[in-house]
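Protein chains in written order, with our numbering: chain B, 1 to 337; chain Y, 1001 to 1304; chain V, 2001 to 2310.
Ideal placement from N, C-alpha and C gives every residue a C-beta, glycine not left out.
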Amino acid sequence: MPVLLEVRDLSVTFHTYAGTVLAVNNVNFSINQGETLGIVGESGCGKSATAQAIMGILPQPPAEVINGHIYLNTTELTALSEKELQQIRGKKISMIFQDPMTALNPVLTIGLQIAEMFMQHQHLAHQDALRLAEKALQSVDIPAPKARLEQYPHQLSGGMRQRVMIAMALACQPQLIIADEPTTALDVTIQAQIIDLLRSKNQNSGTSIILISHDLGVIASLCQRVLIMYAGEIIESAQAIDLYHKPAHPYTYGLLQSVPRPDRKNQGLLSIAGQPPNLFSIPSGCSFGPRCPYAMEICRQKPALLPIGEQHFTRCWLAHPGSPNRQKLLQGGLLIK
Amino acid sequence: MKPTPTAFHSTPFPQEPLSTSLATGTSYWQDAWRRLRNNKLALAGLIFILLITLAAIAGPYFSGYSYADQDLPEANQPPSSVHWFGTDNLGRDLLTRVLYGARISLSIGVAASFINLTVGVLYGGIAGYAGGRIDNIMMRIVDILYGIPLLLYIILLMVVLGPGLLNIFLALGLVYWLGMARIVRGQILAIKKQEYVLAARLTGASPARILMRHLIPNSIGPILITTTLAIPEAIFTEAFLSFIGLGVSAPMASWGVLASEGVVSLRSYPFQLLYPALAISITMLSFNFLGDGLRDSLDPRMRK
Amino acid sequence: MIHYLINRLASMLLVLFVIVTATFLLMHAIPGGPFTTEKNLPEAIQKNMEERYHLNDPLWKQYADYLAHAATGDLGPSFKYENRSVNDLIRESFPVSAELGAIAIFWAVCLGIPAGIIAAVYHNRWPDYIAMFLTTIGISVPGFILAALLIFVFALQLDWLPAALWEGPSSTVLPALALTGLPTAFIARLTRSGMMEVLNQDYIRTARAKGLSQYTILTRHALKNALIPVVTYLGPLIAGILTGSFVIETIFAIPGLGRHFVTSIYNRDYTVILGITIFYSALLVTLNLLVDIAYVLLDPRIKLSEGKDD
């Protein structure tokens, strides 16, 4: 499968009055055509900043892309002008945002907000565009699509608004959709519907999807490959199955352990000790070190991404050939201390 | 790179105490003060206000003239080293008169603020806190009173009351608290829903106590901004009233009176209008810059 | 919609009623009557006047009479101008004021809104700084001072434009400029802050992610939202132009309603003061209603049947 999007050495800083924050630190990854990739991490780990950097919609200032190259097929996105990027956004790459209530314009009709995709990218007339908008609403299973065209966002439920966002994103049949926490603001039952919708689009149209979330369950139900981000870096990258069954980074392991499970009733709630890192002064060694139960002396130096299996990499010294725990890691699972 | 023999020994990182590992936060007021300090125009406004207040209080003592001293042979003199602002058509020293005018304008500003802060805040606070029918009725009254421009009211009141500084205070007092009442009520309605208010009620605090201890102190931001911005409006009102003959009357020297006298001799002695006009404009500008700066620095959304 | 309109009309009438009553009482609270001015009228004539104008009737009767007349649109005779009624005065002078006011509003909107948009889009760069500086001056320099300055520069020194009276289009320039200073500044600021707030919203980020051009984003997505606070201000704006007209018309000797109002204050001509106040109030209340309706049309989230709450 050919590579669709490639991100190389991306680094993004934010200038705030209290200092400069390195929000994205040398991130490298790629996604193939038709693939579904998940990016997992806590708030502030840099996943949204990465997504917005790909789209080129980071507000600069206060953000600044200090390094990096992003390639869509053979086009280098980072070298394009704003006008050229406008041809890509919505047409080749689309983005879905977290809160559909604030992400849709409250004073414009649903119909117009979808139709303008066609008007902008396919240069259709208003009436023709509206007709296509109706079809778009149908394709995301919204009932009574014709009536919806005249309605406003506040008249729809949360789940329906998100479907409208998806319809907007898919309108011009992009090659890639970036979904930034699309289900976080929705009820659990609606979450499942939205994920199903995304999955069917991926399977039927071959649209690649980057799904960003902090919810491991949602990621598991859609993604073939997963990246874990922490403090602006990718700290683990694996096929979904390998990640969930054989996590190779203490942070990932902590994340998985902290999901409450009904079959382990008497365990109490497990959480990862310590605080998220202070992004104003990132420690020099492994960024997870201060919270890691497996920390070793060598962890005072920053680890690189080390291979630990088939398409499985981890930024952890435990995976180093010299580490005595490497075997345990390879076999799957770390010891509980 | 060959790792050292002890490289893979388990050595947990030292646990940092919480306070140093978190980003240093700044309190709301420190942050606001820092932002205000950076706003050059607001600072300039503040400094000017302080200066003119000083000048208004102390200045007339030093000038050697009183606002009413006439010196007819010296009438209509352009600015000179003896009369820094020149003289008016009756030989009175303009600088002194402008400074007296400053006293009047600033005291009107103070009076307006006082009314805003007492009547306005309490009315809006009670309406906002009480909610329901009381709020409805109280705001109904405000809405009705708001339906007419305040200036019209004040003009009518001044026609009835006659000219004079005290009457201006009275007229302002009857009418100027409306805007503040609305803003405070809106603020209280928003804060009321927050949890610490609920907590206070649960501990049995009386409504008056909740109002004075929690709700109003947390509305200080909008109250401060509204007060600062209401002052130039009051100064303008006085100048306007005096200009059309309804405010303070001669020989008292308010800026409005000076301006109306200056307009008459605009052709021949433009400086007689220039100085009062400058005084009014720069004072209003200063309060507006300061008010703007306060609004920008107290706006929590602009905290980064 | 009908329900809402009826509600508003009822409020309007209530407001007007309060105004008429308050103004009436105020007028009659003034010590002495309208005829106790410098003119030394012989007593017989004074008595005659009082009879003619029913000034000896008990207060409540005068009030009832006045209400009755006002309800039918008759605002009574002027005390000072023997043969003219208040209605006549208004009919003659209001069109002049209306024309002046309309020009001022036109400029305020045509200059203020684009200025605000530019200031917002170039936030914290020099167009923004210039706009903020100019608007603060516009807000702080009172209209009558601006008028005096304009006359001084353009009429007296340069002799480009007439300093007074209302004859022909060139007469309208200076007064309109003086009158429009404050409203333009206010509208520019409101547009700027409204636009800045809008540009920070999530839906603008969505619009960018959709690949729309900057122009489309500004005009289709941002503008409508940003203008909502501006429309809210239209009510006070018109009131401000109204009160501003008092002084501007006086300074420029323009035969408008504002100048009549000021003169009637000098003359203590009570029926005229009362009448013009009522006229202005009715005008403002009606315009406020229109503004509220426009507001609802702009923002589809507002439901008419809801009461006003914050």
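- Counting along the chain, no alpha helix (DSSP H) covers I2151 (chain V), and no H or E run does either.
- In the DSSP assignment, P250 (chain B) falls within the alpha helix (DSSP H) that extends over 250 to 258.
- Non-local beta-carbon contacts of Q98 (chain B) in its own chain, meaning distances under 8 angstroms to residues more than five positions away in sequence, involve D180, E181, P182, T184, A185 in chain order.
- For R300 (chain B), no beta strand (DSSP E) encloses it, and the DSSP letter there is neither H nor E.
- For K47 (chain B), no Cβ of chain V is located within less than 8 angstroms of the residue's own Cβ.
- Boundaries for Y1065 (chain Y): no beta strand (DSSP E) harbours it, and the DSSP string shows neither H nor E there.
- Residues of chain B with a Cβ closer than 8 angstroms to the Cβ of H2221 (chain V) are, in chain order, N105, L108.
- With respect to chain V, the C-beta atom of T189 (chain B) has no partner C-beta closer than 8 angstroms.
- With the criterion set as a beta carbon lying under 7 angstroms from some beta carbon of chain Y, the members of the region 2130 to 2145 of chain V are T2136, I2137, I2139, S2140, V2141, P2142, F2144, I2145, in sequence order.
- Comparing alpha-carbon positions, the option among B:M1, B:C223, B:G44 lying closest to N278 (chain B) turns out to be B:G44.
- Classified as exposed, G19 (chain B) has fewer than 16 neighbouring CB atoms from the shown chains inside 10 Å of its CB.
- Partner residues in the beta bridge of A179 (chain B), as assigned by DSSP, are B:I96, B:L211.
- I1225 (chain Y) is classed as buried because its beta carbon has at least 16 other beta carbons within 10 Å across all chains shown.
- Across the set B:C292, B:I96, B:P62, B:Q275, the C-alpha of B:I96 shows the shortest separation from the C-alpha of L176 (chain B).
- Residue-level contact by beta carbon holds for F1008 (chain Y) and chain B, with a gap shorter than 8 angstroms.
- Contacts between L1266 (chain Y) and chain V, judged by CB atoms closer than 9 angstroms, involve A2148, I2151, F2152, L2156 in chain order.
- Judged by DSSP in its simplified three-state form, I272 (chain B) adopts coil rather than helix or strand.
- A straight-line Cα-Cα distance of about 13 angstroms links R1035 (chain Y) and G1291 (chain Y).
- Chain-ordered, the chain Y residues with CB closer than 7 angstroms to the CB of Y2266 (chain V) read G1245.
- Separation of Y1146 (chain Y) and V2096 (chain V) (C-alpha to C-alpha, rounded to the nearest whole angstrom) is 27 angstroms.
- Closest option to P1251 (chain Y), judged by alpha-carbon separation, among Y:V1098, Y:Y1176, Y:A1205, Y:G1064: Y:V1098.
- Closest by C-alpha distance to A1007 (chain Y), out of B:L329, B:P324, B:K328, is B:P324.
- Using a Cβ distance threshold of 8 angstroms, V2109 (chain V) and I2187 (chain V) count as a contacting pair.
- Residues of the same chain with a CB within less than 8 angstroms of the CB of S1268 (chain Y), apart from the 5 flanking positions on each side, are N1076 in chain order.
- Within a 10 Å sphere around the beta-carbon of M117 (chain B) sit 16 or more other beta-carbons, which makes this residue buried.
- With fewer than 16 other Cβ atoms inside 10 Å of its own Cβ, K2061 (chain V) counts as exposed.
- Here T50 (chain B) has V7, L10, V12, V24, V27, I39, M229 as same chain residues with Cβ atoms under 8 angstroms from its own Cβ, once five neighbours each way along the sequence are excluded.
- Counting of Cβ neighbours within 10 angstroms places D196 (chain B) among the exposed residues, the total staying below 16.
- Annotation for V2141 (chain V): no beta strand (DSSP E) segment contains it, and DSSP assigns it neither H nor E.
- In terms of Cβ geometry, R2205 (chain V) and I2217 (chain V) do not form a close pair [threshold 8 angstroms].
- For G285 (chain B), there is no enclosing alpha helix (DSSP H), as DSSP marks it with neither H nor E.
- Under the Cβ criterion (8 angstroms, minimum of three pairs), the region 1077 to 1097 of chain Y does not count as touching the region 1147 to 1160 of chain Y.
- As a beta-bridge residue in DSSP terms, E233 (chain B) pairs with B:Y230.
- Cβ atoms of G2116 (chain V) and M2195 (chain V) come within 8 angstroms of each other, at about 6 angstroms.
- Between A2226 (chain V) and A2178 (chain V), the C-beta gap is not smaller than 8 angstroms, which leaves the two residues out of contact.
- With 16 or more other Cβ atoms from the protein chains shown falling within 10 Å of its own Cβ, T2277 (chain V) counts as buried.
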